[in-house]
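Participant: Following this message is one structure expressed as structure tokens.
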Amino acid sequence: MKAFKYLSGVLVCILLTGVLAAQTLPDWPSILARIDELGDFENSDFSAEITVVSQTPGKDDSTIVARYFRRDSEKKFTIVILKPDIQKGQGYFSTGDDLWFHDPESGKFAYSSLKDSFQDSDAQNSDFSSSTLAEDYRVTEHSEERLGGADVWVATMDAVRRTVPVARRKLWIRKDNYLVLKEEHYSATGRLMRTLAYPRYQTVSGRFVPLSILIVNKPAARRGIQQGIPAAGEVVPCIARFSGALFSPVLSPLLPPARFGPLTTSIRFSTIRMRLLSKMFRL
Numbered sequence: 055m056k057a058f059k060y061l062s063g064v065l066v067c068i069l070l071t072g073v074l075a076a077q078t079l080p081d082w083p084s085i086l087a088r089i090d091e092l093g094d095f096e097n098s099d100f101s102a103e104i105t106v107v108s109q110t111p112g113k114d115d116s117t118i119v120a121r122y123f124r125r126d127s128e129k130k131f132t133i134v135i136l137k138p139d140i141q142k143g144q145g146y147f148s149t150g151d152d153l154w155f156h157d158p159e160s161g162k163f164a165y166s167s168l169k170d171s172f173q174d175s176d177a178q179n180s181d182f183s184s185s186t187l188a189e190d191y192r193v194t195e196h197s198e199e200r201l202g203g204a205d206v207w208v209a210t211m212d213a214v215r216r217t218v219p220v221a222r223r224k225l226w227i228r229k230d231n232y233l234v235l236k237e238e239h240y241s242a243t244g245r246l247m248r249t250l251a252y253p254r255y256q257t258v259s260g261r262f263v264p265l266s267i268l269i270v271n272k273p274a275a276r277r278g279i280q281q282g283i284p285a286a287g288e289v290v291p292c293i294a295r296f297s298g299a300l301f302s303p304v305l306s307p308l309l310p311p312a313r314f315g316p317l318t319t320s321i322r323f324s325t326i327r328m329r330l331l332s333k334m335f336r337l
């Protein structure tokens, strides 16, 4: 009888422990949906000038400046390159999982992939898509730690279908506001491909846009920066409803880009600043 009571007590403790664990387990579908919502411009179109700087040891920096348009309600984006002059007018058009590259000299479109690098930089074409974590991923494991002075969840997630550009991701998510501070991209075989850090965000029409992204390409052993909006108050990015022609495979009307509102100024980190960020985000 005593043995039965003892076993019953153990069973009750196990059940209570399971209930408490279930109560404290993060609701990952809701968290991923919230992350997507923080950067979703819904019925407005977002536009900004972006600068992509690739730094390779022993070589001169490579800089690309482009005009970026995004329509989240239809999962579309358009990019027109402004600099260097030799690539001026080249563009990208994306809708859903499809991407086309446009060469103004030939006037032809070539089908590309969101998985490819952007202009041979550390940025990937999919970096310019709107966030669809809740739709594309399932969290398989998580832990908790501190990063950059903030309490974060570290969530590992696998893509739910093969067409998703990144097979596996690990995200460092702030607990207080759900902003992503850092992420790692892995191949389907588990190989680390890239590490991205988001040092600062800017609020635009109630949504959050990374002020800059520090990208470390592990296989290539090189470092790059994808940059967008400068510090708040310097230049306001263009939030409006643009013509549907901007998001169709007809890129020639996009030039000159000055027709579409103010261009942002670019920001470039010094080597010292990049080293500090790399240490802070453990890149």
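Letter by letter, the sequence shown follows residues 55 to 337 in our numbering.
We treat Cβ as the ideally placed atom computed from N, Cα and C, and that holds for glycine.
Values in this document were obtained by computation on a predicted structure and should not be read as measured data.
Tell me, which residues are paired with Ser252 by DSSP?
Facilitator: First, the residue type needs correcting, since residue 252 is Tyr and not Ser in the sequence shown. None, per the DSSP bridge assignment.
Participant: On the three-state DSSP scale, how would you describe Glu189?
Facilitator: Helix at Glu189.
Participant: Rounded to whole angstroms, what is the Cα-Cα separation between Thr117 and Arg215?
Facilitator: C-alpha separation (whole angstroms): 34 Å.
Participant: Can you tell me whether DSSP reads Arg342 as helix, strand or coil?
Facilitator: The first residue shown for the chain is 55 and the last is 337, placing residue 342 beyond what the model contains.
Participant: Taking only the alpha-carbon atoms, compute the straight-line gap between Arg228 and Asp174 and give it to the nearest angstrom.
Facilitator: So the two alpha carbons sit approximately 31 Å from each other.
Participant: With Pro83 as the anchor, note down where its alpha helix (DSSP H) starts and where it stops.
Facilitator: Per DSSP, Pro83 belongs to the alpha helix (DSSP H) from 82–92.
Participant: At which residues does the beta strand (DSSP E) containing Gly145 begin and terminate?
Facilitator: Element bounds for Gly145: 145–149.
Participant: What separation, rounded to the nearest whole angstrom, lies between the Cα atoms of Met211 and Arg121?
Facilitator: Between Met211 and Arg121, the C-alpha separation is close to 31 Å.
Participant: Between Val218, Trp226, Thr194, Glu91, which lies nearest to Gln178 when the distance is taken from Cα to Cα?
Facilitator: Nearest option by C-alpha distance: Val218.
Participant: With DSSP as the reference, label Asn11 as helix, strand or coil.
Facilitator: Outside the shown range of the chain, which is 55 to 337, sits residue 11, and nothing can be said about it.
Participant: According to DSSP, is Gln109 part of a helix, a strand, or is it coil?
Facilitator: Gln109: strand per DSSP, three-state reduction.
Participant: Is Phe172 close to chain B? Criterion is C-beta to C-beta, closer than 8 Å.
Facilitator: Looking at the structure shown, chain B is missing, and only one protein chain is on hand.
Participant: Report yes or no: do three or more beta-carbon pairs, one from the stretch 127–139 and one from the stretch 147–155, lie closer than 8 Å?
Facilitator: Flag = yes, the stretch 127–139 and the stretch 147–155 touch.
Participant: Going by C-alpha distance, which of Gly143, Trp226, Ala164 is nearest Glu199?
Facilitator: For Glu199, the nearest C-alpha among the options comes from Trp226.
Participant: Whole-angstrom Cβ separation of Gly202 and Leu235, contact assumed at under 8 Å?
Facilitator: That pair is a contact at about 6 Å.
Participant: Out of curiosity, what's the CA-to-CA distance linking Ile140 and Val119?
Facilitator: About 12 Å.
Participant: Determine the closest residue to Arg223 out of Leu92, Arg88, Gly143, Gly244, with distance taken between C-alpha atoms.
Facilitator: Minimum Cα distance to Arg223 is reached at Gly244.
Participant: What span of residues does the beta strand (DSSP E) with Ala221 cover, start to end?
Facilitator: Taken as a continuous stretch (DSSP letters only), Ala221 belongs to no beta strand (DSSP E), as it is neither H nor E.
Participant: List the whole-angstrom C-beta distance separating Val270 from Arg248, where the pair is believed to meet the contact cut-off of C-beta under 8 Å.
Facilitator: Indeed, because the Cβ distance is near 7 Å, the residues count as touching under 8 Å.
Participant: Let me make sure I understand the geometry here. Which of Ala87, Asp81, Gln109, Pro80 has the alpha-carbon closest to that of Asp190?
Facilitator: Measuring from the Cα of Asp190, the nearest candidate turns out to be Ala87.
Participant: Looking only at DSSP bridge pairs, what is Ala177 linked to?
Facilitator: Paired residues: none, contrary to the question.
Participant: Is Pro83 closer than 8 Å to Gly188 when the C-beta atoms are compared?
Facilitator: For the record, residue 188 in the displayed sequence is Ala; it is not Gly. Cβ distance < 8 Å, so Ala188 and Pro83 count as in contact.
Participant: Quick one: is Arg124 buried, meaning 16 or more other Cβ sit within 10 Å of its Cβ, or exposed?
Facilitator: Classification of Arg124: buried, given that the 10 Å Cβ count is 16 or more.
Participant: Just tell me which of Leu265, Ser259, Ile267 has its CA closest to the CA of Asp94.
Facilitator: Nearest of Leu265, Ser259, Ile267 to Asp94, Cα basis: Ser259.
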